[in-house]
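Chemist: In the numbering used here, the protein residues as written are 15 to 393.
All residues carry an ideal CB built from backbone N, CA and C; glycine is no exception.
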Amino acid sequence: MTAAPEPDAASGPVSDAASGPAPVVKCLVWDLDDTLWDGVVLEGDEPEPFPGALKTLRALDERGILHAAASRGEHAVTARHLDRHGLEEWFCDVRVGWGAKSDAVRRIAEALNIGLDTLAFVDNDPVERAEVASALPMVRCYPAEQAAGLPDLAEFQPEFVTEEAGRRRLLYRTERRRQAAQEEFGADRQGFLASLGLVMTVREATEDDLSRASELTVRTHQLNTSGLTYGAEELRGLTASPGHRVQVAELRDDYGEYGIIGLAVTELTDDDAVLRLMLMSCRVASRGVGTVLLDRLVREAVAERRRPVAHFVPTEANRSMLVTLRFAGFAPVEDGTGAGHADGAGAGGAAGAPLVLAVDPERLAPQRESHVRVVSGTD
Numbered sequence: 015m016t017a018a019p020e021p022d023a024a025s026g027p028v029s030d031a032a033s034g035p036a037p038v039v040k041c042l043v044w045d046l047d048d049t050l051w052d053g054v055v056l057e058g059d060e061p062e063p064f065p066g067a068l069k070t071l072r073a074l075d076e077r078g079i080l081h082a083a084a085s086r087g088e089h090a091v092t093a094r095h096l097d098r099h100g101l102e103e104w105f106c107d108v109r110v111g112w113g114a115k116s117d118a119v120r121r122i123a124e125a126l127n128i129g130l131d132t133l134a135f136v137d138n139d140p141v142e143r144a145e146v147a148s149a150l151p152m153v154r155c156y157p158a159e160q161a162a163g164l165p166d167l168a169e170f171q172p173e174f175v176t177e178e179a180g181r182r183r184l185l186y187r188t189e190r191r192r193q194a195a196q197e198e199f200g201a202d203r204q205g206f207l208a209s210l211g212l213v214m215t216v217r218e219a220t221e222d223d224l225s226r227a228s229e230l231t232v233r234t235h236q237l238n239t240s241g242l243t244y245g246a247e248e249l250r251g252l253t254a255s256p257g258h259r260v261q262v263a264e265l266r267d268d269y270g271e272y273g274i275i276g277l278a279v280t281e282l283t284d285d286d287a288v289l290r291l292m293l294m295s296c297r298v299a300s301r302g303v304g305t306v307l308l309d310r311l312v313r314e315a316v317a318e319r320r321r322p323v324a325h326f327v328p329t330e331a332n333r334s335m336l337v338t339l340r341f342a343g344f345a346p347v348e349d350g351t352g353a354g355h356a357d358g359a360g361a362g363g364a365a366g367a368p369l370v371l372a373v374d375p376e377r378l379a380p381q382r383e384s385h386v387r388v389v390s391g392t393d
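1) Could you name the residues of the same chain whose beta carbon sits closer than 7 Å to that of V388, not counting the 5 residues immediately before and after it, in chain order?
2) Just to confirm before moving on: does the CB-CB distance between A158 and T280 stay below 8 Å?
3) Return helix, strand or coil for S116, following the three-state DSSP convention.
4) Quick one: Cα of D374 to Cα of P322, how far?
5) Kindly indicate the opening and closing residues of the alpha helix (DSSP H) around G180.
6) If I follow the unbroken beta strand (DSSP E) through V288, where does it start and stop?
7) In whole angstroms, what separates the C-alpha of I275 from that of L126?
8) Using DSSP with H/G/I as helix, E/B as strand and the rest coil, what is M335?
9) Where A84 and V141 are concerned, what is the direct C-alpha to C-alpha distance, given to the nearest angstrom?
10) Can at least three beta-carbon pairs, one atom from the region 184-193 and one from the region 235-244, be found at a separation below 8 Å?
11) Take V232 as the anchor and find which of F199, H258, E173, G343 has the nearest alpha-carbon.
12) If you check the beta carbons only, do L289 and T234 fall under 8 Å apart?
13) Does G180 pass the burial test, meaning 16 or more other C-beta atoms within 10 Å, or should it be called exposed?
14) Tell me which residue opens and which closes the alpha helix (DSSP H) that L6 is part of.
15) Take the Cβ of H89 as the centre, count every other Cβ of all protein chains shown within 10 Å, and call the residue buried at 16 or more, exposed below.
16) For the candidate residues R86, L336, R297, T283, whose alpha-carbon lies nearest to that of L308?
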């Protein structure tokens with residue numbers, strides 16, 4: 015089944031979801047009236063959900079693809095109808111009103127902290143699709159009659175379907191509760207972070223972690239030092255190598271578990287601990303935990319009498335990661351030229367020589383007081 019828009023959508027350019035490579039969809043944004051259900055709620059209807067739409071909700075949810083809504087109407091009326099049919103729990107964000115749907119889609123991306131190019135939009139109205147496509151050309155748009163077939167399209171088939179992927183909706187809904195609590199703190203961000211009771215567990219990766227760790231290398235682009243991607247088999251080899259260390263970071267707080275949100279792949283030499291890849295899920299980018307994990311890795315290396323080194327490969331998305339590295343004490347090595355990626359690492363690695371940074375063990379800054387308690391996997 016083709017993902018190209020129907021030919022009668024002539025009111026404006028509609029994103030062609032079949033043209034060119036694009037990221038796997040992370041969130042499907044639904045129009046509701048005459049798309050998710052058969053009728054218009056505000057007109058007094060009590061429309062039943064389309065069976066095909068329900069199957070798509072469930073199938074994508076099992077794959078870790080989120081659902082949100084951008085629809086016309088009154089929010090309270092629509093929310094009651096969603097709840098009446100047991101549908102509210104399937105959605106991570108619901109935007110109902112009378113403004114431009116492109117604005118709603120943009121706010122959904124911001125609320126979920128994911129890129130617009132990982133969103134898709136389904137609507138029965140070609141004019142609405144054209145408006146979204148014109149304002150947000152990176153968002154893929156589909157007519158409602160394709161809703162039942164969306165799970166069959168390649169862009170809705172992530173490479174990895176892990177146990178954590180199946181819980182992704184619940185993780186994001188828990189995040190909404192955190193966001194509501196954050197609003198009560200206003201501009202006091204540090205007060206909010208301190209109130210969460212954040213605990214990070216850093217441990218060596220096990221066999222059960224490899225699929226999720228590999229998934230993170232594919233999905234995470236912002237807080238990522240090198241853009242290298244690792245398959246589960248590659249990671250398995252590195253975990254067995256005495257010259258490498260593969261670690262995962264898990265996070266929890268008083269609201270619940272975040273799951274595995276960080277990964278570090280380190281090459282160990284006699285003198286250096288070379289960080290070939292460190293990444294942190296975009297879900298926790300606002301928690302200030304990237305610097306915390308880096309500090310843990312730095313102090314671990316120094317305790318082993320190794321110099322902490324990091325290879326940073328600039329990409330379009332990871333500028334903030336360089337700031338995080340510098341804040342953690344990494345500085346450019348003037349005579350370093352980089353040495354590519356570690357043996358067996360990342361056929362999908364980023365091209366170009368990395369920037370080599372290091373921490374001088376003799377000038378290691380005192381450990382800062384943190385809003386995150388860090389424990390090892392054996393604690």
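Modeler: Quick answer:
1) Around V388, the same chain offers M214, V216, V306, R310 as residues with beta carbons nearer than 7 Å, after the five sequence neighbours per side are excluded.
2) Here A158 is not near T280, since their CB atoms are 8 Å or more apart.
3) Note: S116 maps to helix in three-state DSSP.
4) In this structure, the CA atom of D374 is about 8 Å from the CA atom of P322.
5) Boundaries of the alpha helix (DSSP H) around G180: 177-180.
6) Element bounds for V288: 286-294.
7) Each residue's Cα considered, the two are about 15 Å apart.
8) M335 sits in a helix when the DSSP states are folded into three classes.
9) Those two C-alpha atoms are separated by around 14 Å.
10) Result no; under three Cβ-Cβ pairs closer than 8 Å.
11) Closest by alpha carbon: E173.
12) No, these two residues do not count as a Cβ contact at 8 Å.
13) G180 should be labelled exposed.
14) Coverage of the chain is limited to positions 15 through 393, which leaves residue 6 absent and any answer about it impossible.
15) Looking at its Cβ environment, which holds fewer than 16 other Cβ atoms inside 10 Å, H89 is exposed.
16) For the residues R86, L336, R297, T283, the minimum Cα distance to L308 belongs to L336.
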